[in-house]
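Undergrad: Please find one structure pasted underneath; my questions will follow.
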Amino acid sequence: MSRVLILGGTAEARELAAALVADGLEVTSSLAGRVAQALPSEGEVRIGGFGGPDALTWWLAEHGMTAVVDATHPFAHRISAAAATACRARALPLTRLERPGWKEAPGDRWHRVADLAEAAATVERLGRRVLLTTGRQDIGAFAAVSDAWFLIRAISLPDPPLPIDHEILLDRGPYTCEAELELLDRHRIDLLVTKDSGGDSTAPKLQAARERGTAVVMVTRPTGPDVPTVASVAEVVERIRALPSED
Ligand code: NAP
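Letter by letter, the sequence shown follows residues 125 to 371 of our numbering.
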C-alpha cells in the first residue's frame, strides 16, 4: 500500500489529500501549525515542525512513507528545502505542487521587488495608505516605515513588531473584486503590497488595484530546490499512480 506524505498549508494540499484518499491511498497531511483553526483535510493530519531535514528523514522512515508531495506555499522555502534533502536521503519520490505565479496585465502598475526588505524600502518611496497582505509572519519587515498608514490584512493576529500607524483586519479569502474595490475605496488605499502567492482566491485584490490604478508592490518568489514540479492536483495524482506499487 502506498503511503503519501503531503506537506500542506494550502488549498491545493487539501484538494490533493481528498483526491488521493479517493484513489484509495493512505495519506498524511502535515501542517506547520501556524493557524489556530486549520481547515479540515481528508486522511490523517499531523501538526507541527519535524525539527529540520534530519528529523524529517527519520520521520519518513518511521512512518513507512513511500512518496512525498510538497504542496506548501510558494514562499515556504525552508520546508521545501528540508523535503528535498530528506527525500534524497531516503531515495523517495518527491513531487512539488506549486500554483503558477500571477501575471501582469495591461493597466497594472506593479513594482517587482526581490524580498520584503526591498518591499519596505519601496513603500517608503511610494505609499502613504498601504494595504499590506504579505501574511502575519512578514509584517516585521515594515515596522520601521514611519511615513505610511498600514491596513494589515491577515488570517490571524500578526506577530510583532508592527508599523506604528496601522489597523488590523482579520479575514480569510476567497475574496471578490467588488469587495476589494470597496476596501480600497473605504480606506483610500494608494499602495497594495503582496507576495506573488498566485492562485484565484486572493487574486481579486490585483484586479481591483488595476481598476483603480493603484500601485502594487509584488514580492518575487524565492527559488526552490530542483525537484519535479507540476501545477495541478490532477498531475500529482497521475504521477503518484505511475509509481511502482509497494505491495
Ligand atoms: P517555512 O519557512 O518553509 O518553514 C519554517 C518551519 O516550519 C520549517 O522549517 C518546519 O519546521 C515548519 N513547517 C513549515 N511547513 C510545514 C509543514 N507543512 N509541516 C510541518 N512543518 C512545517 O514555512 P512558512 O513560510 O513559515 O510557512 C508555514 C506553513 O504555512 C507552510 O506549511 C505553508 O504551506 C503555509 N503557508 C505559508 C505562507 C507564506 O506566505 N509563507 C502562506 C500561506 C500558507 P521544522 O524545521 O521544525 O521541520
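Glycine included, C-beta positions come from ideal geometry on N, C-alpha and C.
Small disclaimer: the values here were computed from a predicted structure and weren't measured.
Let me know the beta strand (DSSP E) ranges lying completely inside the segment 309-370, each 3 residues or longer, listed in chain order.
TA: 315-319 and 339-343
Undergrad: Any heavy atom of the ligand NAP within a distance shorter than 7 Å of the CB on Gly176?
TA: Residue 176 sits at position 52 when you count from the first residue of the sequence shown. Flag set: Cβ of Gly176 near the ligand NAP.
Undergrad: Taking its Cβ as the centre, do 16 or more other Cβ atoms sit within 10 Å of Asp262, making it buried, or is it exposed?
TA: Translated into positions along the sequence shown, residue 262 becomes position 138. Answer is buried; the Cβ neighbour count reaches 16.
Undergrad: At which residue ranges does the segment 133-171 contain complete beta strand (DSSP E) runs of 3 or more residues, listed in the order of the chain?
TA: 150-155 and 168-171
Undergrad: Here's the rule: buried if 16 or more other CB atoms are within 10 angstroms of the residue's CB, otherwise exposed. What is Thr318?
TA: Numbered from its first residue, the sequence shown carries residue 318 at position 194. By the neighbour-count rule (16 or more Cβ atoms within 10 Å), Thr318 is buried.
Undergrad: Any heavy atom of the ligand NAP inside 7 Å of the beta-carbon of Lys319?
TA: Against the sequence shown, residue 319 aligns to sequence position 195. Because some heavy atom of the ligand NAP lies under 7 Å away, the Cβ of Lys319 counts as near it: yes.
Undergrad: Going by beta carbon distance, what residues of the same chain come within less than 8 Å of Leu367, once the five residues before and after it are set aside?
TA: If you number the sequence shown from 1, residue 367 lands on position 243. Within the same chain, Leu367 has close Cβ partners Ser126, Thr190, Ala191 and Pro217.
Undergrad: Could you tell me how far apart the beta carbons of Pro352 and Thr219 are, in whole angstroms, since I believe they sit closer than 8 Å?
TA: Here residue 352 is taken as the residue at index 228 of the sequence shown, counted from 1. Here residue 219 is taken as the residue at index 95 of the sequence shown, counted from 1. About 6 Å separates the two Cβ atoms, so the contact holds.
Undergrad: Under 7 Å: does the beta carbon of Thr246 sit that close to some heavy atom of the ligand NAP?
TA: On the sequence shown, position 122 is the one that residue 246 refers to. No - the ligand NAP has no heavy atom lying nearer than 7 Å to the Cβ of Thr246.
Undergrad: Rounded to whole angstroms, what is the Cα-Cα separation between Val360 and His290?
TA: Numbered from its first residue, the sequence shown carries residue 360 at position 236. Numbered from its first residue, the sequence shown carries residue 290 at position 166. Taking the straight line joining both Cα atoms gives about 41 Å.
Undergrad: So, helix, strand or coil for Glu228, using DSSP?
TA: As a position in the sequence shown, residue 228 is number 104, starting the count at 1. It is coil, neither helix nor strand.
Undergrad: Excluding the 5 residues flanking Ser165 on each side, which residues of the same chain have their C-beta closer than 6 Å to its C-beta?
TA: Numbered from 1 along the sequence shown, position 41 holds the residue referred to as residue 165. Closer than 6 Å at the Cβ level, and outside the excluded window around Ser165, lie Arg138, Ala141 and Ser153.
Undergrad: Does Ile288 pass the burial test, meaning 16 or more other C-beta atoms within 10 Å, or should it be called exposed?
TA: The residue you call residue 288 lines up with position 164 of the sequence shown. Exposed, since its Cβ has fewer than 16 Cβ neighbours within 10 Å.
Undergrad: Please classify Thr347 as buried or exposed, where buried requires at least 16 other C-beta atoms within 10 Å of its C-beta.
TA: In the sequence shown, counting from the first residue as 1, residue 347 sits at position 223. Exposed: under 16 other Cβ atoms inside 10 Å.
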